[in-house]
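The sequence shown stops at residue 192 when you use our numbering, and every number in between is there. Beta carbons: idealized from backbone N, C-alpha and C, even for Gly. Nothing here was measured: the structure is a model prediction, and the numbers come from that model.
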Amino acid sequence: MNVLLSILQVLLALHTAAGAVWKWSHSEQAAPSLGAIPHAVWLGMSGLELLCVVAFIVPLFDKRAAILAPIAAAFVIAEMLFFSGVNLASGSISIGPLMYWIVLAAVCAFFICGRLGFRPIRRSEFA
Numbered sequence: 066m067n068v069l070l071s072i073l074q075v076l077l078a079l080h081t082a083a084g085a086v087w088k089w090s091h092s093e094q095a096a097p098s099l100g101a102i103p104h105a106v107w108l109g110m111s112g113l114e115l116l117c118v119v120a121f122i123v124p125l126f127d128k129r130a131a132i133l134a135p136i137a138a139a140f141v142i143a144e145m146l147f148f149s150g151v152n153l154a155s156g157s158i159s160i161g162p163l164m165y166w167i168v169l170a171a172v173c174a175f176f177i178c179g180r181l182g183f184r185p186i187r188r189s190e191f192a
C-alpha cells in the first residue's frame, strides 16, 4: 500500500505542476465556466499549486515532512470543489469538467486516508 501511495503522490505532484503551468499560461477565460474567477485569484491559485508540488515531493525525501503531502492534497480537494461550485453556479451544462474535478478530489481524499488513516490489519485481530 505504501508503494501505491508513493506512486500516487508523485502522480499528484506531476498533475498539480501541470495545472499550475496551465493556469499561468492560460487565462481563466480559457475555461468558460470558470470566467467568474478574478485574474489575481487565478494566478494566486497557480502559485499555491506550485507550493503544493513542493509539499508532495519533499516528504518522499525527508520523512519528517510527511504531513505536508496530505495538506497539499487537502488544498487540491478544496480547489477542485471550488471549481465545481463555480462551474455549477455558472449554469454550464457541460458535465465533463465537473466529473474530472470530482474524481480528482476523490483520488486526493483516498490519498489522505491512506497517508493518515489506514493501518495494517494484524493477524491477531482475526483470532
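Exercise for the section: Could you spell out where the alpha helix (DSSP H) holding residue 110 opens and where it closes? Expected result: Within the sequence shown, the letter at position 45 stands for residue 110. Taken as a continuous stretch (DSSP letters only), the alpha helix (DSSP H) holding residue 110 covers 104-126.
Exercise for the section: Have a look at residue 112 and residue 85 and give me their C-alpha separation to the nearest angstrom. Expected result: Translated into positions along the sequence shown, residue 112 becomes position 47. Translated into positions along the sequence shown, residue 85 becomes position 20. Rounded to the nearest angstrom, the two C-alpha atoms are 7 Å apart.
Exercise for the section: Would you mind stating whether residue 135 and residue 177 have Cβ atoms separated by less than 7 Å? Expected result: Counting from one through the sequence shown, the residue named residue 135 turns up at place 70. Counting from one through the sequence shown, the residue named residue 177 turns up at place 112. For residue 135 and residue 177, yes; Cβs fall inside 7 Å.
Exercise for the section: Just list the alpha helix (DSSP H) runs in the stretch 116-180, keeping only unbroken ones of 4 residues or longer that don't cross its boundaries, in chain order. Expected result: 133-154
Problem - Own chain partners of residue 172 with C-beta closer than 8 Å, once the 5 adjacent residues on each side are dropped - result: As a first step, residue 172 is located in the sequence shown; it is residue number 107 there, counting from the start. Correct list, in chain order: 73, 77.
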